[in-house]
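Worksheet: one structure, shown below.
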Amino acid sequence: MSIKNVRLEVMQFLEKDIDAYMDKFLVPADKIWQPTDFLPNSQHDSFFEEIKELQELSKDLPDDFWITLIGDTITEEALPTYESWLLQMEGVVDESGEYIENGWSKWIRHWTGEENRHGDVLNKFLYLSGRINMREVEVSTQHLISDGFDIGTSHDPYKNFVYTSFQELATYVSHNNVSAIAKQYGAKKLSRMCKIIAGDEMRHHLAYTEFVRRIFEADPSEMMKAVQYMFKLKIVMPAHFLRASGEDRGSLFDAFSDSAQRIGVYTAHDYIDIMRKLIEAWQIDKITGLNEEAEKARDFIMKFPDRMDRISQRIVIPEAGPQFKWLIPATK
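Per the numbering used here, the sequence shown starts with residue 128, numbered consecutively.
Below, the structure is given as structure tokens:
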């Protein structure tokens, strides 16, 4: 049987439990938080006072914080790209490549619905803060969606689930650290907002990590090789094609990444730590039933974080970055 057909069989096997996964890892729309729960209410008499307070607190937040928050927001707003990518995955399309309505397509739509709220609430906060050139942010968002992305997974569900397991934990780390910094500056509502977004990301991370764990049980050698492939390829960020108006595709990502590292929101150490956490979560060292090629893949995976750690120690982050078109200087 071909590798592709085996993957389809494994996806169909896991699909039988999709409703249980949705009950465990997703929250119904009528019960979960919504963006308006965290924003000034335009129907209340205190609306303008709340905006004024929000804008006063926003003046004290450093530029690197804003650049990171804006980049995170744009990444969240590019959700149509991620949904369309996953909907082309084996197990969601049939053998001829045609979309089929099944448990996996239902999971992807419901997961998308939860993720969509993140961009909504962050976008509205940026708009109300008075610190942001929203038109420039909107141009960057449109570019990121229209430019698409190439994460190296093709339509392989094994590789895609390694990617989503990693990225959901990365976004948890990023939003959680933004929350901590906002709290330090007294922006308690923003801190709470980012904290609860991080909670969503952790639930989603646990779901995709569970999918990979189940695949390891059913098809250990191919799953091991998929993990090695993604680690070796280097798991790129969803916003790796980030750009500003009038600039080339991907030209802004390094400066955005430098801002995140300078302020401690998402660093090379975090990237390596996530790999280690995934190795531990999947108990890579204890997987049995591997063929010779997969055993070599496991050996690579186990040594890779230490190798990356040595490389990361040579990385030098600039003390300051360029002036971003997104940001309006604070006025006291």
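Each residue gets a CB set at the ideal place from its N, CA and C atoms; glycine is no exception.
Measuring alpha carbon to alpha carbon, tell me which residue in G279, R244, V392 and E204 is nearest A297.
With distances taken between Cα atoms, A297 lies closest to V392.
Where L454 falls: helix, strand or coil (DSSP)
Strand, per DSSP.
Restricting to Cα atoms, I'd like to know which of E446, E328, N229 and F293 is closest to K404.
Of the listed residues, the one whose Cα sits closest to K404 is F293.
Quick one: what's V305 bridged to in DSSP?
According to DSSP, V305 bridges with nothing at all.
Quick one: using the 10 Å Cβ neighbour count with 16 as the cut-off for buried, is S169 buried or exposed?
Exposed.
Starting from the C-beta of M402, find all residues in its chain whose C-beta is less than 6 Å away, skip the five residues before and the five after it, and write them out in chain order.
The answer, listed in chain order, is P432.
Beta-bridge partners of E217, as assigned by DSSP:
V220, per the DSSP bridge assignment.
Contact defined as beta carbons within less than 8 Å: I believe Q182 pairs with S256. What is the distance between those atoms, to the nearest angstrom?
Beta-carbon to beta-carbon, Q182 and S256 are separated by about 6 Å, close enough to satisfy the 8 Å threshold.
K316 to M351, Cα distance in whole Å?
So the two alpha carbons sit approximately 42 Å from each other.
Over the uninterrupted alpha helix (DSSP H) stretch that includes P432, give me the two end residues.
For P432, the enclosing alpha helix (DSSP H) begins and ends at E419 to S439.
What's the C-alpha gap between E419 and E337?
Cα-Cα distance, rounded: 25 Å.
The alpha helix (DSSP H) that contains Q161, what's its start and end?
No alpha helix (DSSP H) contains Q161, which DSSP labels as neither H nor E.
Just to confirm before moving on: does the CB-CB distance between V219 and D346 stay below 7 Å?
Cβ distance not < 7 Å, so V219 and D346 don't count as in contact.
So Q269 is in the alpha helix (DSSP H); what residue range does that whole segment cover?
Judged by DSSP secondary structure, Q269 falls within the alpha helix (DSSP H) whose first and last residues are M261 to D274.
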